[in-house]
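> Before we start, here is the structure in question, set down as structure tokens.
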Amino acid sequence: MRYLVISDIHSNWEALEAVLAEAGGLYDRIVCCGDLAGYGPDPNRVIDWARANLSAVIRGNHDRVCCGLDDLESFNPVAQAASRWTMEQLTPENLAWLRALEQGPLPVDGFRLIHGSPLDEDEYVMSLMDARNVFGYLEGQVGFFGHTHMQGGFSYVDRRYGYAAQLNSFDRAQRNRIVVRLDPEGLYLINPGSVGQPRDGDARAGWAIYDSDAQEVRLHRTPYDWNTTCDKVIAAGLPEVLGTRLTQGR
Ligand SMILES: [Fe+2]
Numbered sequence: 000m001r002y003l004v005i006s007d008i009h010s011n012w013e014a015l016e017a018v019l020a021e022a023g024g025l026y027d028r029i030v031c032c033g034d035l036a037g038y039g040p041d042p043n044r045v046i047d048w049a050r051a052n053l054s055a056v057i058r059g060n061h062d063r064v065c066c067g068l069d070d071l072e073s074f075n076p077v078a079q080a081a082s083r084w085t086m087e088q089l090t091p092e093n094l095a096w097l098r099a100l101e102q103g104p105l106p107v108d109g110f111r112l113i114h115g116s117p118l119d120e121d122e123y124v125m126s127l128m129d130a131r132n133v134f135g136y137l138e139g140q141v142g143f144f145g146h147t148h149m150q151g152g153f154s155y156v157d158r159r160y161g162y163a164a165q166l167n168s169f170d171r172a173q174r175n176r177i178v179v180r181l182d183p184e185g186l187y188l189i190n191p192g193s194v195g196q197p198r199d200g201d202a203r204a205g206w207a208i209y210d211s212d213a214q215e216v217r218l219h220r221t222p223y224d225w226n227t228t229c230d231k232v233i234a235a236g237l238p239e240v241l242g243t244r245l246t247q248g249r
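Note that numbering that gives the first Met the number 0 has the sequence shown beginning at 0, numbered continuously upward.
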């Protein structure tokens, strides 16, 4: 089975549409590691699409806040403003759908969907040290996670911790063909990157294809029309930085 693995869409329709166009024909099912809502200008469009097209999905911290399951206190003022705006925009059906999203880790076939870490949906797995601390809680061979908006991954193979994919070691052109071959005895925590708000210095939308038969994960980056999304952010009255950061991938 081939899975399109996506995460952190954050109400960015243009990025999602571009990913779906480029990934067409490469997958059988679509799964998502959470944060569909928050930050961006198209929450209903993204969630309408998600309800119809995702085979499996878990909630992210922004999904929790935008549907009122959690308060705004843990967020900075910009994220708070975007969450309030999103809550006002969401249709009753989409609010109810967000409220009903499952908490990760969620077993899907042979792998896991995780928002933050296998231990805590709000924990950021940024470094190899962070990954080492939580590998013991990963049930199954592969966990896909999001939350950091940083594409890449970590491995535990032959009793050694390492990078399954380290974005810094690839240049811009190479980043569209990063292949992670999975050792059947190894453990993997892989972040497909953020579709809608990349923060790893590359503005292109991040996504992954996991082929469970070939035992392989391919990481991809797709350019999209971030200037249109930026204009929509500003037209919606959302904080301007939520638009400009998209053009920089920060
Ligand atoms: Fe996020």
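Every residue, glycine too, gets a C-beta built ideally from N, C-alpha and C.
Quick check on this structure: which residue in ARG1, GLY37, LYS231 has the alpha carbon closest to the alpha carbon of ASP27?
When each option's Cα is compared against that of ASP27, the closest is ARG1.
> Hey, is GLY39 close to ligand 1, as in C-beta under 7 Å from one of its heavy atoms?
No, the beta carbon of GLY39 sits no closer than 7 Å to any heavy atom of ligand 1.
> Taking the Cβ atom as the reference point for each residue, do GLY145 and ASN175 lie within a distance shorter than 8 Å?
Cβ atoms of GLY145 and ASN175: not closer than 8 Å.
> Kindly indicate the opening and closing residues of the beta strand (DSSP E) around ILE233.
Not the beta strand (DSSP E): ILE233 falls in the alpha helix (DSSP H), residues 225-234.
> With a CB to CB cut of under 7 Å and the five nearest residues on each side skipped, what residues in its chain are close to GLY200?
Only GLY248, ARG249 meet the Cβ criterion.
> From VAL30 to LEU53, what does the alpha carbon distance come to, in whole angstroms?
For VAL30 and LEU53, the distance between alpha carbons rounds to 6 Å.
> How about ARG111 and LEU105: are their beta carbons less than 8 Å apart?
Going by C-beta atoms, ARG111 is nearer than 8 Å to LEU105.
> Assuming ARG180 contacts ARG203 under a Cβ cut-off of 8 Å, what Cβ separation, rounded to an integer in Å, is found between them?
Wrong, their Cβ atoms sit about 23 Å apart, outside the cutoff.
> How is the beta strand (DSSP E) around PRO197 delimited, first residue to last?
Note, PRO197: premise wrong, no beta strand (DSSP E); not H, not E.
> Anyone know if the C-beta pair for TYR155 and LEU186 falls short of 8 Å?
Yes, these two residues count as a Cβ contact at 8 Å.
> What residues in its chain sit with their C-beta under 6 Å from that of GLU122, if we drop five residues either side in the sequence?
Excluding positions up to five away in sequence, the list reads GLY115, SER116.
> Hey, how far is the Cα of ASN11 from the Cα of GLY242?
Cα to Cα, ASN11 sits roughly 10 Å from GLY242.
> Which residues have a Cβ closer than 5 Å to any heavy atom of ligand 1, listed in chain order?
Residues with a Cβ closer than 5 Å to any heavy atom of ligand 1, in chain order: ASP7, ASP34.
> At what residue ranges does the region 85-165 contain a whole run of the alpha helix (DSSP H), taking only runs of 4 or more?
The region 85-165 contains these whole alpha helix (DSSP H) runs: 91-98, 127-133.
> If you drop the 5 nearest sequence neighbours on each side, which residues of the same chain put their C-beta closer than 8 Å to that of ALA235?
Hits under 8 Å: PRO40, TRP84.
> Beta-carbon within less than 8 Å of THR227's beta-carbon, same chain only, minus the 5 sequence neighbours each way: which residues are those?
Cβ within range, chain order: GLU13.
> Closest by CA to ALA99, which one among ARG50, GLN165, VAL77?
When each option's Cα is compared against that of ALA99, the closest is ARG50.
> Taking C-beta to C-beta, are VAL18 and TRP206 nearer than 8 Å?
Yes, the Cβ-Cβ distance between VAL18 and TRP206 is below 8 Å.
> Rounding to the nearest angstrom, what Cα-Cα distance links ASP182 and ARG217 in this structure?
For ASP182 and ARG217, the distance between alpha carbons rounds to 14 Å.
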